[in-house]
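Going by our numbering, the sequence shown opens with residue 11, and the numbers climb by one from there.
Heads up, the beta-carbon is just placed ideally off N, CA and C, and yes, glycines get one too.
Keep in mind the model is a prediction, meaning the values are calculated, not measured.
Please read the structure below before turning to the comments.
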Amino acid sequence: MRKKFLILLFVLFTSIPGNLAFGNHSKTDANLQGFYRDDATARFTSSQKVTKKSLKNEIKKRKKYHKLLLEQYNASFEQKTLDLISENSLILTNLRKDLKA
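Rendered as structure tokens:
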């Protein structure tokens, strides 16, 4: 499961062209500043306080979605559905950890 998550992160960062400029001298400083500014904004928005009630509601929604995905997978056995199930499981696990904290 952890290996799949790391692969997902790797694919995510390698599939976004132009965001990371390692060894690419054609990038301007303005583009890099924009990237860092977006990163700072993302950190700011992700630090908003979340209530326990909203976490519980999100967990309920994710459980229903998970059940629906399992039914779809049992009907079709598609890899795409299996990937969605594993992603949803990771999200549910993180939500439960946040609720306990």
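- A direct Cα-Cα distance of roughly 15 Å separates Q89 from M11.
- The beta carbon of L92 sits closer than 7 Å to those of Y83, all from its chain and outside the five residues before and after it, given in chain order.
- If you draw a 10 Å sphere on the C-beta of L109, you find fewer than 16 other C-beta atoms in it, and that means exposed.
- Comparing C-alpha distances from L16 to each of L78, K70, S96, K63 shows the shortest one belongs to S96.
- Here the alpha carbons of K63 and A85 stand approximately 34 Å from one another.
- Rounded to whole angstroms, the separation of the alpha carbons of H76 and S99 is 8 Å.
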